[in-house]
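Q:
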Amino acid sequence: MSGVPARVHNLPAARAQFGDLIGRLLPAFERADPLADAAAAWLATCPEGHVVFQAALVSPERAPEPLAALLESVAGVPAWVEPARLARASHLFSRAGVVGGFVLGLRSLVLGYAAPAGNKPLAFSGRLREAAPRRLAETARFVTAVCEPGGLLPGGEGRAIALHVRLMHAQVRRLLLATGRWDRAAWAVPINQHDMLATGLLFSHVYLDGLRLLGLQIGADEADDYVHLWRLASWILGVDDELVPDREPAARRLAECIFLTQGSPDADSRALTAALLQAPLQAARTPGERRLAAARVRLSSSLCRHLVGHGLADALGVPSERHPFSVPLLASVFGGLDRLRAALPPIDASAAALGRRYWDLVVDVGMNGERPTYPMPDRLGRRPTAA
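The following block contains the structure:
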């Protein structure tokens, strides 16, 4: 069918199930982020582009024109933003704590890798396979900064990191198109509007469903608030606002449509998933650390299979590990603790405080005490794996 990227699968079924929704999504494959692309192109000519951008964040009125235009487009907050909803969403992220860590790493990221065209920019970069612990810690810091109280409001660290990530995406888009190896007919525009929207859904609706799979109780209003937070994050990241949902039912419908049309996992999907699951072994240095890392890999594989489903886990090459912990039993324990938290306000406050400390530790260990910087890359890594 003319005008439809080769990467789109099951189109007749998608039209029958989702009606005009698929018609709204198809043009997004060919749209990128013109403001960020212009800023990244200008920064590529500047010897100290990272320093210049940092200064622009502090004093946008003094920024060079391409940066000023980008920053002006996200000045303040849109009229639809409700700060009270953002605050409730931040609390949800904090109180999920270690359960949220399992879900982010073993469901949200893995389902992103499963997309055979959407995973190509990361596969080209080689960063996950070459430096998995650092890459995962950077992602964790991005998500935690976005979800901190006030993180996305003017002056918030989440907003600043989201803008760094937006420019990094634009630079990767430039580098990919310059390689001559990017198959636009097969994969559409790199890091396009469709794929940026899908990433926001992985961090919002897909994350929420993962919390439920591990026993947490998420009310409808609470879920809508969390989707609202990621709508604002997506706006800062350059996603067209008319594409982004504000309530979970709409987010669920979008996610189902995207999963139906993305195709089966490919060799890059399996390589990226393996790199994520094996990350503890990559970071281990001593025999004791390697034994502990091997146990973590077995537990992570079992949790991943529970969180993405055994069929997709098989397609991704996730090992079917025997583990002393029963995942359903673990989910039952998490659920019991969550019910206790919901019934006792002091425990709820303690759970949120512990969750914030957990995420700080995750980032600190993964970054080996360094702070994530999200620099714009000046080159790409290896060629993607053949399907």
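37 is the number of the first residue of the sequence shown in the working numbering; add one for each residue after it. Glycine included, each C-beta is placed from N, C-alpha and C at the ideal position.
#1: Start and end of the alpha helix (DSSP H) containing Y410?
#2: Looking only at its chain, what residues have a beta carbon closer than 7 Å to the beta carbon of H127, apart from the 5 residues adjacent to it on each side?
#3: Let's see if you can read the secondary structure: which residues bound the alpha helix (DSSP H) around R60?
#4: What's the C-alpha gap between L147 and V344?
#5: CA-CA distance, H322 and L328?
#6: Output the residue ranges of the alpha helix (DSSP H) runs that lie fully inside the stretch 289-335 and measure 4 residues or longer, sorted by chain position.
#7: Output needed for G216: all residues of its chain with C-beta closer than 7 Å, excluding positions within five of it in sequence on either side, in chain order.
#8: Following the continuous alpha helix (DSSP H) through R375, name the residue where it begins and the one where it ends.
#9: Measuring CB atoms only, is the stretch 390-401 touching the stretch 350-366, in the sense that at least three cross pairs come out at less than 8 Å?
#10: Mapping the DSSP letters down to three states, classify F129 as helix, strand or coil.
#11: Can you tell me the Cα-Cα spacing of R288 and R341, whole angstroms?
#12: Which first and last residues belong to the alpha helix (DSSP H) in which E258 is found?
#13: Which complete alpha helix (DSSP H) runs does the stretch 75-144 hold, if anything under 4 residues is left out?
#14: So P226 packs on R209, CB below 8 Å; how close in whole Å?
#15: Mind reading off the beta-carbon distance from D416 to L212? Whole number of angstroms is fine, and I expect it under 8 Å.
#16: Quick one: any contact between the stretch 302-317 and the stretch 231-241, if contact means 3 or more CB pairs under 8 Å?
#17: Taking R377 and I383 to be in contact with their CB atoms under 8 Å, please state how far apart those CB atoms are, rounded to whole angstroms.
A: Concretely, from the data shown:
#1: Y410 -> no alpha helix (DSSP H), and no H or E assigned at all.
#2: A388
#3: D56 to L61
#4: 7 Å
#5: For the sequence presented, residue 322 should be read as Thr rather than His. Spanning the two alpha carbons is a distance of roughly 10 Å.
#6: 303-313 and 315-319
#7: none
#8: V363 to A379
#9: no
#10: helix
#11: 21 Å
#12: A256 to I272
#13: 85-94, 101-109 and 119-139
#14: 5 Å
#15: Residue identity check: residue 416 is Leu in the sequence provided, not Asp. Sure, about 7 Å apart at Cβ, within 8 Å.
#16: no
#17: 5 Å
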